[in-house]
Amino acid sequence: MRVSAGERTANYVILIAFAAVALAPIVTILVTAFSPETPADAQTGGPLHWENFARAWEQGRFSEYMWNSVVVALIVVSLATVLSVMAGYAFGAFEFAGSQVIFYVFLLGIMVPTEAIVVPLFFDLRYLGLTDTVWAISLPQVAQSVAFGTFWMRATFRGANRSIIEAARLDGAGHHRVLWQVLVPVARPAMVTMILLMFMWTWNEFLIPLVMSPTAQLRTAPLGLALFQGQYVQGTTLLAAGAVLVALPVVVLYLFLQRHFIAGMLSGAVRE
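In full-length UniProt numbering, the protein residues as written are 1 to 272.
This is the structure we're talking about:
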């Protein structure tokens, strides 16, 4: 089907309009973050006031909060990735009694919102003495991420070339070797996409760290930004700089892995 010049122009206009709507808030935050905090600051320095980020970093204690987020993200992403790959292989490569029922139980972790389980989960973890620890923040997010990861990797492994698996088994490869040496390298784009999504969700999680650390001993970056907002309601410049600092790790990771992320989104689409 041939597209006329008018249709092509209309498509570009619509795409540019949507891109402008999506990018306008980001540009506004960036401009505000580099703006002078006070009229006196406008008389000194260059057009870009990089000192805003240093002030926000120091006054908002973002070094502590972002380190907590890094620790939580490493625990969640590493555990959830390993468990998701193994569970996805079990559900995607085998058919066993009750596999469908167990798989639907896994899907409950995707369908049930955090708000519905966070209160009873808090009392359970408090009974175990885990509240105000990194595990109280990490383990619930591991469970949520495994639910999504199992669904994602199951679809990926079900779409894998079965002849490769059969050839590996004929060569005497066991399940461990088939999974980690045959299927995982092939599924690398889908795994990178999964890891990036897990990291983004974990880094941006607000409710679980808020509830599971009632004494505020373990504040993550989003919680630190919320506290910073309470301290600097009028200081929109420092608040914007803090927001850029909190969002920067996710942006950098996406830019570094964007090729694999896009490949994973295309090749790792749900296949049944």
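Using N, Cα and C, we set each Cβ at its ideal position, and we do this for glycine too.
Just so we're clear, the structure is a prediction, and the values are computed from it rather than from any experiment.
Candidates the options: closest to residue i by CA position
i	options	result
Gly88	Leu210, Ala17, Ala160	Ala160
Ile75	Gln229, Arg259, Ser138, Pro209	Ser138
Trp203	Met66, Thr236, Val112	Met66
Thr193	Met153, Ser4, Trp180, Asn68	Met153
Phe206	Ala93, Ser69, Ile29, Pro36	Ser69
Val134	Glu64, Ser4, Met212	Met212
Arg126	Ser63, Thr215, Ala5	Thr215
Ser63	Ala168, Leu223, Val251	Leu223
Met200	Glu7, Val77, Gly98, Ile14	Val77
Ala247	Val13, Thr9, Arg8, Leu30	Leu30
Thr220	Ala73, Thr9, Phe103, Leu15	Ala73
His175	Met86, Phe18, Ala5, Leu15	Met86
Thr81	Leu210, Arg158, Thr9, Trp180	Trp180
Contacting residues, own chain, Cβ-Cβ under 6 Å from residue i (five flanking each side not counted)
i	result
Val83	Strictly speaking, residue 83 in this sequence is Leu, with Val absent from that position. Once the five neighbours on either side are set aside, the close Cβ partners of Leu83 are Val146.
Leu227	none
Leu79	Val142
Ile262	none
Ala167	none
His260	Pro189, Val192
Leu48	Phe34
Leu130	Ala136
CB-CB length for residue i against residue j, believed under 8 Å
i	j	result
Leu238	Asn52	6 Å
Leu121	Leu196	So it is not a contact: roughly 26 Å between Cβ atoms.
Met111	Gly149	At roughly 15 Å, the Cβ-Cβ gap does not stay under 8 Å, so Met111 and Gly149 are not in contact.
Asp132	Gln217	5 Å
Ala143	Gly109	6 Å
Phe151	Phe106	7 Å
Residues near residue i by beta carbon distance below 7 Å, same chain, minus five either side
i	result
Phe256	none
Asn11	none
Gly60	Gly224, Phe228, Gly242
Ser99	Phe91
Arg55	Leu238
residue 273	Given a span of 1 to 272 for the chain in the structure shown, any question on residue 273 remains unanswerable.
Gln258	none
Same chain, Cβ closer than 8 Å to residue i, five either side skipped, listed in chain order
i	result
Ile208	Thr114, Val118, Ile137, Pro140, Gln141
Ala33	Asn52, Phe53, Thr237, Ala240, Ala241, Ala243, Val244
Ile165	Ala93, Val178, Val182, Leu183
Val250	Phe199, Met200, Trp203, Asn204
Trp50	Phe34
Leu210	Leu223
Glu272	Because Glu272 sits at a pLDDT of 44, beneath the cut-off of 50, its placement in the model cannot be relied upon, and the following sentence gives the value as read from the coordinates. Here the set comprises Ala155, Arg158.
| said: In chain order, what are the residue ranges of uninterrupted alpha helix (DSSP H) at least 4 long that sit wholly in the segment 76 to 162? | reply: 99 to 111, 114 to 127, 134 to 158
| field | Ordered list of alpha helix (DSSP H) runs contained in the segment 42 to 73, each at least 4 residues | value | 51 to 59
| task | Can you check the segment 165 to 247 for any alpha helix (DSSP H) of at least 4 residues that lies completely inside it and give the ranges in chain order? | result | 188 to 204, 207 to 212, 221 to 231
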